[in-house]
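Sequential numbering from 88 applies to the sequence shown in our numbering. Just so it is clear, CB atoms sit at the ideal spot from N, CA and C, and this is done for glycine as well. Note that this is a predicted model, so its numbers are computed, not measured. Below you'll find the structure, written out as structure tokens, and then a few comments.
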Amino acid sequence: MNLRLIQDAQQAVPQDAGAATAYDSVWAQQPAAAQSGMEAVFLANDKIYVVLVVVLLIWAGIAFFLLRTDRKISNLERSIADDIHGSGNAE
């Protein structure tokens, strides 16, 4: 009995009442777009975590490479500056 009253009350509300939002389809329980084939395979077999780990490893490698290169360049700049200042004092 209570369920029938709730359903009747929901049907009595006009569809165009209020402003439409981006989440209307979610709250109205309309079916979402079907997953693509590759997305379904990754999600079904938990391979999405493998992809996530690989992407994070690639980013970590890039960050390590950039930091190491920056440190080497800083050392080169320091040695060049020392050579310039050292040879200027010798003259």
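Distance from the CA of Phe-152 to the CA of Val-140, rounded to the nearest whole angstrom, comes to 18 Å.
Between the alpha carbons of Asn-162 and Phe-129 lies a gap of roughly 45 Å. Rounded to the nearest angstrom, the gap between the Cα atoms of Ala-131 and Ala-120 is 17 Å.
Excluding its 5 nearest sequence neighbours in each direction, Val-138 has C-beta neighbours in its own chain below 7 Å: Phe-129, listed in chain order. Between Arg-165 and Lys-134, the alpha-carbon positions lie close to 47 Å from each other.
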